[in-house]
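Have a look at the structure below before the remarks.
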């Protein structure tokens with residue numbers, strides 16, 4: 003490792019945050035996030051993969067923004083990459099999700115989980131980069147919640163699905179399982195994974211011991227994040243800095259809420 007890169011690492015903290023890597027000409031070439039900024043930059047400057055070597059060749063300065071938590075770091079990183087479009091964040095500039103998972107009702111009343119191309123008029127439960135990725139997740143969901151592959155569009159048949167023959171499906175494919183019992187399990191999955199449609203204020207660690215981080219979802223829409231003093235009597239919402247709501251942000255929040263509720 004070059005001596006100047008070693009000196010950069012020495013000056014970095016071991017806290018959660020977003021970091022910015024610049025060239026000697028002050029051109030921003032990479033934005034990242036980490037729970038330990040110093041450790042992550044050390045990895046950038048010692049890894050031997052193609053992208054890391056390019057970053058090492060051009061890196062001359064690093065700045066950072068503490069966030070107090072990984073969630074706010076993820077939200078800030080996503081927004082900053084889309085705004086600045088650094089050359090070595092190429093894959094993250096526009097995360098395009100082509101397929102979504104949507105709940106639909108069959109004629110018999112069963113709730114079916116269907117993969118289809120993203121519909122910007124309807125909020126999907128999950129989004130995927132490819133149909134293959136979506137199918138892999140849907141197979142996992144179907145198995146975990148003991149759902150029916152035929153109802154979820156994973157097994158084409160005019161009679162029962164194969165899983166029924168090996169006693170892993172309870173018979174919804176042939177109308178044997180009561181609709182309300184089947185739908186209870188689907189609803190359990192939906193409750194755990196759907197983006198919240200109500201108002202939710204997430205309270206997180208702050209950048210110092212005297213403050214807390216805040217993330218606001220209002221009536222099902224991401225409003226932004228902010229920081230406020232722990233003993234403040236003001237409405238926490240007044241500390242929220244407005245941010246854009248988009249599919250990447252919802253994916254980050256959905257993942258956080260899913261893990262939080264495990």
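Residue numbers (my numbering): 3 to 264. Just so it is clear, CB atoms sit at the ideal spot from N, CA and C, and this is done for glycine as well.
(request) Run the CB neighbour count on residue 161, radius 10 Å, all protein chains shown included, and call it buried at 16 or more, exposed below. (result) Along the chain shown, read from residue 1 onward, the residue named residue 161 stands at position 159. By the neighbour-count rule (16 or more Cβ atoms within 10 Å), residue 161 is not buried but exposed.
(message) Does residue 230 come out as helix, strand or coil in the three-state DSSP assignment?
(response) Mapped onto the chain shown, residue 230 falls at position 228. Residue 230: strand per DSSP, three-state reduction.
(request) State the Cα-Cα distance for the pair residue 60 and residue 116, rounded to the nearest angstrom. (result) Taking the first residue of the chain shown as 1, we reach residue 60 at position 58. Taking the first residue of the chain shown as 1, we reach residue 116 at position 114. Approximately 46 angstroms, taken between the alpha carbons.
(request) Give the single residue among 236, 222, 171 whose Cα lies nearest to the Cα of residue 141. (result) Looking up residue 141 in the chain shown gives position 139. Nearest of 236, 222, 171 to residue 141, Cα basis: 171.
(message) Three or more C-beta pairs under 8 angstroms: does that hold for the region 242 to 254 against the region 222 to 234?
(response) yes
(request) Classify residue 103 as buried or exposed, calling it buried when 16 or more other Cβ atoms lie within 10 Å of its own Cβ. (result) Position 101 of the chain shown, counted from the start, is the residue given in the question as residue 103. Buried is the call here.
(message) Three or more C-beta pairs under 8 angstroms: does that hold for the region 24 to 37 against the region 164 to 184?
(response) no
(request) Identify whether residue 27 lies in helix, strand or coil by the three-state DSSP scheme. (result) Locating residue 27 in the chain shown gives position 25, counting from the first residue. Coil at residue 27, not helix or strand.
(request) State the start and end residues of the unbroken beta strand (DSSP E) segment that holds residue 114. (result) Residue numbering aside, residue 114 sits at position 112 when the chain shown is read from its first letter. Note, residue 114: beta strand (DSSP E), 113 to 119.
(request) Kindly indicate which three-state DSSP category residue 259 falls into: helix, strand or coil? (result) Numbered from 1 along the chain shown, position 257 holds the residue referred to as residue 259. Here residue 259 sits in helix by DSSP.
(request) Counting only runs of 3+ residues fully inside the region 147 to 232, write out the beta strand (DSSP E) ranges in chain order. (result) 202 to 207, 213 to 220, 223 to 231
(request) Determine which residues share a DSSP beta bridge with residue 244 and list them. (result) Indexing the chain shown from 1 puts residue 244 at position 242. DSSP, once it has assigned bridges, lists 226 as partnering residue 244.
(message) Going by C-alpha to C-alpha distance, which of 251, 210, 184 sits closest to residue 217?
(response) Residue mapping note: residue 217 aligns to position 215 of the chain shown, counting from 1. Closest by alpha carbon: 251.
(request) Measure the CB-CB distance between residue 227 and residue 215 and report whether it falls below 9 angstroms. (result) Against the chain shown, residue 227 aligns to sequence position 225. Against the chain shown, residue 215 aligns to sequence position 213. A contact, by the Cβ cut-off of 9 angstroms.
(message) Could you tell me the alpha carbon to alpha carbon distance between residue 49 and residue 14, rounded to whole angstroms?
(response) Residue 49 sits at position 47 when you count from the first residue of the chain shown. Residue 14 sits at position 12 when you count from the first residue of the chain shown. For residue 49 and residue 14, the distance between alpha carbons rounds to 18 angstroms.
(message) Can you tell me whether residue 129 is helix, strand or coil according to DSSP?
(response) Residue 129 sits at position 127 when you count from the first residue of the chain shown. Residue 129 falls in the strand class under three-state DSSP.
(request) Could you tell me the boundaries of the alpha helix (DSSP H) in which residue 73 lies? (result) As a working note, residue 73 is residue 71 in the chain shown. 72 to 86 is the extent of the alpha helix (DSSP H) around residue 73.
(message) Once DSSP output is grouped into helix, strand and coil, what is the label at residue 253?
(response) Taking the first residue of the chain shown as position 1, residue 253 is located at position 251. Correct three-state label for residue 253: helix.
(message) Rounded to the nearest angstrom, what separates residue 75 and residue 84 at their Cα positions?
(response) Numbered from 1 along the chain shown, position 73 holds the residue referred to as residue 75. Numbered from 1 along the chain shown, position 82 holds the residue referred to as residue 84. When rounded, the distance between both Cα atoms is 14 angstroms.
(request) Starting from the Cα of residue 42, find the closest Cα among 52, 27, 19 and give me that residue. (result) For the purposes of this step, residue 42 is taken as the residue at position 40 of the chain shown. Closest by alpha carbon: 19.
(request) Determine which residues share a DSSP beta bridge with residue 50 and list them. (result) Counted from its first residue, the chain shown places residue 50 at position 48. Note: residue 50 sits in no beta bridge, so no partner.
(request) In the DSSP assignment, find the alpha helix (DSSP H) that holds residue 7 and state where it starts and stops. (result) Taking the chain shown and counting its residues from 1, one reaches residue 7 at position 5. Counting along the chain, the alpha helix (DSSP H) containing residue 7 begins and ends at 5 to 12.
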